[in-house]
Amino acid sequence: MQSTPEKKHVTPPLKMSEKLGYASGDLASCLYFGVFMNYLAIFYTDVFGISAGALAYMILVTRTWDWINDPIMGIISDRTRSKFGKFRPWLIWILPFWVVLGVLTFTTFDLDQKQKLVYAYVTYTLLMMAYTAINVPYSALMGVMTPRSDQRTLLNSFRFLGAFLGTTTVSFSMLHLVKYFGKGDDQLGYALTMGLFGVVSAGLFLTTFFTTKERIEPPKNQKSDVKKDLLMAAKNGPWRSIIFISILTILWISIRSGTTAHFFKYVSGNELWAGTYLGVGGAIQAGGVLLTKQITQIFGGKKNAFLGLTTINVALLVVFYWLPYDNLTILLVHQVLASFLTAPLMALFWSMLADTADYGQWKLGHRSTGLLLSTGTSSMKIGWSLGPAIAFWMLEYTFGFVANQAQTPETVEGMRLLMSLIPAGVGVLAAAAVFTYRIDTKMEVEMETAIAKQRDDEYGPASSCP
Numbered sequence: 066m067q068s069t070p071e072k073k074h075v076t077p078p079l080k081m082s083e084k085l086g087y088a089s090g091d092l093a094s095c096l097y098f099g100v101f102m103n104y105l106a107i108f109y110t111d112v113f114g115i116s117a118g119a120l121a122y123m124i125l126v127t128r129t130w131d132w133i134n135d136p137i138m139g140i141i142s143d144r145t146r147s148k149f150g151k152f153r154p155w156l157i158w159i160l161p162f163w164v165v166l167g168v169l170t171f172t173t174f175d176l177d178q179k180q181k182l183v184y185a186y187v188t189y190t191l192l193m194m195a196y197t198a199i200n201v202p203y204s205a206l207m208g209v210m211t212p213r214s215d216q217r218t219l220l221n222s223f224r225f226l227g228a229f230l231g232t233t234t235v236s237f238s239m240l241h242l243v244k245y246f247g248k249g250d251d252q253l254g255y256a257l258t259m260g261l262f263g264v265v266s267a268g269l270f271l272t273t274f275f276t277t278k279e280r281i282e283p284p285k286n287q288k289s290d291v292k293k294d295l296l297m298a299a300k301n302g303p304w305r306s307i308i309f310i311s312i313l314t315i316l317w318i319s320i321r322s323g324t325t326a327h328f329f330k331y332v333s334g335n336e337l338w339a340g341t342y343l344g345v346g347g348a349i350q351a352g353g354v355l356l357t358k359q360i361t362q363i364f365g366g367k368k369n370a371f372l373g374l375t376t377i378n379v380a381l382l383v384v385f386y387w388l389p390y391d392n393l394t395i396l397l398v399h400q401v402l403a404s405f406l407t408a409p410l411m412a413l414f415w416s417m418l419a420d421t422a423d424y425g426q427w428k429l430g431h432r433s434t435g436l437l438l439s440t441g442t443s444s445m446k447i448g449w450s451l452g453p454a455i456a457f458w459m460l461e462y463t464f465g466f467v468a469n470q471a472q473t474p475e476t477v478e479g480m481r482l483l484m485s486l487i488p489a490g491v492g493v494l495a496a497a498a499v500f501t502y503r504i505d506t507k508m509e510v511e512m513e514t515a516i517a518k519q520r521d522d523e524y525g526p527a528s529s530c531p
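Quick note: to get this note's numbering, add 65 to the position in the sequence shown (first position is 1).
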């Protein structure tokens with residue numbers, strides 16, 4: 066185990082109630098995002114009734130606007146003024162749209178193909194705009210709850226505990242709830258299930274709102290200037306690196322996850338295995354993410370941990386290609402190991418991204434937490450746009466997939482490749498990109514010390530212990 070420099074802090078750690086309250090927000094988000102990630106594609110192709118090729122283009126178009134929209138929302142939230150702060154009020158302002166659009170997006174009407182595509186484009190676009198308007202401020206909230214880098218890493222561990230619990234809940238329950246509510250009518254089942262998830266997630270967002278607090282303000286003499294915010298972001302080298310790393314990481318994850326339900330339905334021959342497989346993965350990730358701090362220490366810092374975990378995951382993806390696809394036990398053993406080693410990646414990413422906001426304040430004299438952290442969700446959405454679009458474009462136009470019928474050997478082989486060697490190749494690029502990220506453990510200490518001194522100079526020592 067490599068040693069890391071000992072840090073001395075003037076700011077107390079966050080209370081457990083605030084960590085759990087913040088985690089509730091990502092649990093809420095992932096009751097929707099888990100559906101988008103694992104079941105949106107099979108809903109649209111096998112229930113709603115559009116082709117894989119049309120779905121590929123729809124995902125690319127709608128999610129392109131979605132990731133463009135994220136920095137806009139970051140700029141808006143940075144300039145929000147309310148008695149609740151900059152970011153927290155958005156958690157309650159958007160809730161009605163969040164619940165209603167969740168149900169409408171997964172409601173199927175008797176329409177022709179052109180009308181179905183129009184309906185799908187409009188409802189999914191509006192739902193993702195609501196997702197952006199609530200999730201970007203939620204993500205940015207983490208950057209102003211505490212100035213301590215170690216607490217952000219811990220806070221992100223709790224956040225992703227909530228995230229993995231959310232995706233695990235969806236993975237295990239979605240198809241069973243669809244069958245329970247629909248009683249043979251999957252179209253009705255999907256709509257009612259999303260209604261249930263919407264109501265529960267609204268309650269969880271309210272929990273986050275009432276249990277968290279914003280503590281960090283921009284430098285006292287910093288003026289609101291969108292052009293300068295964008296210019297300073299462009300000059301922030303670590304931010305540029307972590308955004309590129311995020312895109313590649315989500316790309317390899319989303320290529321695989323986007324086809325998982327199809328893989329089990331058409332290759333393994335048992336659609337319900339997908340829920341078990343994804344649910345087990347989410348449960349293991351929920352436990353694994355709590356060990357992010359310990360895993361980071363083993364590797365000797367966030368950068369080294371991200372590189373090491375990505376490299377190991379690439380090796381596991383290669384191994385998956387040769388596993389027997391009709392043996393659920395073996396597939397689950399592989400899933401347990403892979404999920405445990407994937408779990409810390411996103412917690413590390415968000416902590417590293419928050420560190421780039423500190424870097425901007427330290428080196429460039431300018432802090433734009435909302436903008437920088439909004440680009441985190443934006444970069445992830447670029448990956449979530451390209452990954453499924455690539456996967457479903459290849460399924461239809463390269464491997465010849467047609468929904469609700471027996472697949473050809475070429476299509477079966479294509480699904481196996483999309484679950485293994487293709488994402489492994491992208492993972493190699495992600496690992497290589499980690500070398501461009503400059504912030505190491507030593508620099509984290511230097512930044513925290515310098516920013517604490519600046520805050521004391523501007524507001525007085527008492528302000529560091531709200």
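Heads up, the beta-carbon is just placed ideally off N, CA and C, and yes, glycines get one too. Given the structure is predicted, the values throughout are model-derived calculations rather than measurements.
Evaluate P202 with the Cβ neighbour count: other Cβ atoms within 10 Å of its Cβ, from every protein chain shown; 16 or more gives buried, anything less gives exposed. Translated into the one-based positions of the sequence shown, residue 202 becomes position 137. Buried.
Write down every uninterrupted run of the alpha helix (DSSP H) in the stretch 164-252 whose length is 4 residues or greater and which is fully enclosed by it, in chain order. 178-210, 214-247
Alpha-carbon to alpha-carbon, D175 and A495: Reading the sequence shown from its first residue, position 430 is the one you call residue 495. Reading the sequence shown from its first residue, position 110 is the one you call residue 175. For A495 and D175, the distance between alpha carbons rounds to 43 angstroms.
To which residues of the same chain is G344 closer than 7 angstroms at the C-beta, ignoring the five residues directly before and after it? The residue given as residue 344 occupies position 279 in the sequence shown. Here the set comprises T233, S236, F237.
Is the distance from the Cβ of R481 to the Cβ of Y386 below 8 angstroms? As a working mapping, residue 481 is identified with position 416 in the sequence shown. As a working mapping, residue 386 is identified with position 321 in the sequence shown. Yes.
Would you mind working out which of V100, A119, W130, S214 sits nearest G167, comparing C-alpha positions? On the sequence shown, position 102 is the one that residue 167 refers to. Among V100, A119, W130, S214, the Cα nearest to that of G167 is on V100.
Measuring straight from C-alpha to C-alpha, what distance separates D381 and L230? If you number the sequence shown from 1, residue 381 lands on position 316. If you number the sequence shown from 1, residue 230 lands on position 165. Checking the sequence, you will find Leu at residue 381 rather than Asp. Between L381 and L230, the C-alpha separation is close to 23 angstroms.
Neighbourhood of I115 by C-beta distance below 8 angstroms, restricted to the same chain and skipping five residues each side: Numbered from its first residue, the sequence shown carries residue 115 at position 50. Within the same chain, I115 has close Cβ partners Y109, M123, Q178, K181, L182, A185.
Grab the span of the alpha helix (DSSP H) containing S404 for me, first residue to last. In the sequence shown, residue 404 corresponds to position 339, counting from 1. Unbroken alpha helix (DSSP H) run through S404: 393-424.
Those runs of the alpha helix (DSSP H) which lie wholly inside the stretch 428-491 and span at least 4 residues: The stretch 428-491 contains these whole alpha helix (DSSP H) runs: 434-458, 474-483.
Quick one: measure Cβ to Cβ for L226 and A351, integer angstroms, because I've assumed they're closer than 8 angstroms. Within the sequence shown, the letter at position 161 stands for residue 226. Within the sequence shown, the letter at position 286 stands for residue 351. So it is a contact: roughly 5 angstroms between Cβ atoms.
When you measure from the CB of T394 to every non-hydrogen atom of the ligand FMN, does any distance come out below 7 angstroms? Absence of the ligand FMN is noted for the structure shown, with no ligands found whatsoever.
Determine the burial state of P531: buried for a count of at least 16 other Cβ atoms within 10 Å of its Cβ, exposed for fewer. Along the sequence shown, read from residue 1 onward, the residue named residue 531 stands at position 466. Summary for P531: the model assigns pLDDT 27, below 50, so the residue's position carries little reliability; its value from the coordinates is reported in the next sentence. Exposed, by the Cβ-count rule.
Can you tell me where the alpha helix (DSSP H) with G365 in it begins and where it stops? Translated into the one-based positions of the sequence shown, residue 365 becomes position 300. Note, G365: premise wrong, no alpha helix (DSSP H); not H, not E.
Taking 8 angstroms as the threshold (beta carbon to beta carbon), is F223 in contact with chain C? Annotation note: the requested chain C is absent from the structure, which comprises a single protein chain.
Where does Q519 sit, in a helix, a strand or coil, going by DSSP? By 1-based counting over the sequence shown, the position of residue 519 is 454. It is helical.
Can you tell me whether Y462 is buried or exposed? The criterion is at least 16 other CB atoms within 10 Å of its CB, across all chains shown. For the purposes of this step, residue 462 is taken as the residue at position 397 of the sequence shown. With fewer than 16 other Cβ atoms within 10 Å, it is exposed.
Y524 (DSSP reduced to helix, strand or coil): Within the sequence shown, numbered from 1, the residue matching residue 524 stands at position 459. Per-residue confidence for Y524 stands at a pLDDT of 49, beneath the threshold of 50, marking its modelled position as unreliable; no derived number is given.
Thinking just about the alpha-carbon of each residue, which of I308, L206, V477 is nearest to the one in K278? Translated into positions along the sequence shown, residue 278 becomes position 213. It is L206 whose Cα lies nearest to the Cα of K278.
Local conformation of F149 per DSSP, three classes: Mapped onto the sequence shown, residue 149 falls at position 84. Looking at F149 - three-state DSSP - the assignment turns out to be coil, as it is neither helix nor strand.
When DSSP labels each residue in this structure, what does S142 get in the three-state scheme? On the sequence shown, residue 142 is found 77 positions in, with the first residue counted as 1. S142 falls in the helix class under three-state DSSP.
For the pair the stretch 135-152 and the stretch 76-95, tell me if three or more CB-CB distances fall below 8 angstroms. no
Would you report the Cα separation of A299 and G425, rounded to the nearest angstrom? Residue numbering aside, residue 299 sits at position 234 when the sequence shown is read from its first letter. Residue numbering aside, residue 425 sits at position 360 when the sequence shown is read from its first letter. The straight-line gap from Cα to Cα measures roughly 10 angstroms.
Classification of G525 by the beta-carbon crowding that lies within 10 angstroms, buried from 16 upward: On the sequence shown, residue 525 is found 460 positions in, with the first residue counted as 1. In this predicted model, G525 has a pLDDT of only 49, less than 50, meaning its place in the structure is not dependable; the value taken from the coordinates is given anyway. G525 should be labelled exposed.
Consult DSSP for L494 and reduce its assignment to one of helix, strand or coil. Position 429 of the sequence shown, counting from 1, holds the residue named residue 494. DSSP places L494 in helix when its eight states are reduced to three.
Return the Cβ separation of G353 and S404 in integer angstroms, given the expectation that the two are a contact with Cβ distance under 8 angstroms. Residue numbering aside, residue 353 sits at position 288 when the sequence shown is read from its first letter. Residue numbering aside, residue 404 sits at position 339 when the sequence shown is read from its first letter. Yes, G353 and S404 are in contact; Cβ-Cβ is about 7 angstroms, under 8 angstroms.
Closest Cα partner of E504 within the set F262, P474, I307: Against the sequence shown, residue 504 aligns to sequence position 439. It is Ile, not Glu, that sits at residue 504 in the sequence shown. Of the candidates F262, P474, I307, I307 places its Cα closest to the Cα of I504.
Report yes if the CB atom of P135 is closer than 8 angstroms to the CB atom of T197, and no otherwise. Your numbering for residue 135 matches position 70 in the sequence shown. Your numbering for residue 197 matches position 132 in the sequence shown. Sequence check: residue 135 is Asp here, not Pro. Result yes, Cβ atoms of D135 and T197 sit closer than 8 angstroms.
With the cut-off set at 8 angstroms, would you say A456 and G323 are in Cβ contact? Start at 1 with the first residue of the sequence shown, and residue 456 comes out as number 391. Start at 1 with the first residue of the sequence shown, and residue 323 comes out as number 258. Yes; because the gap between Cβ atoms is below 8 angstroms, this pair is in contact.
What's the call for Y245, buried or exposed, on a 16-neighbour Cβ count within 10 Å? In the sequence shown, residue 245 corresponds to position 180, counting from 1. Label assigned to Y245: exposed.
Could you say which of W317, D294, M508 lies nearest to I141 if we only look at CA atoms? Position 76 of the sequence shown holds residue 141. Measuring from the Cα of I141, the nearest candidate turns out to be D294.
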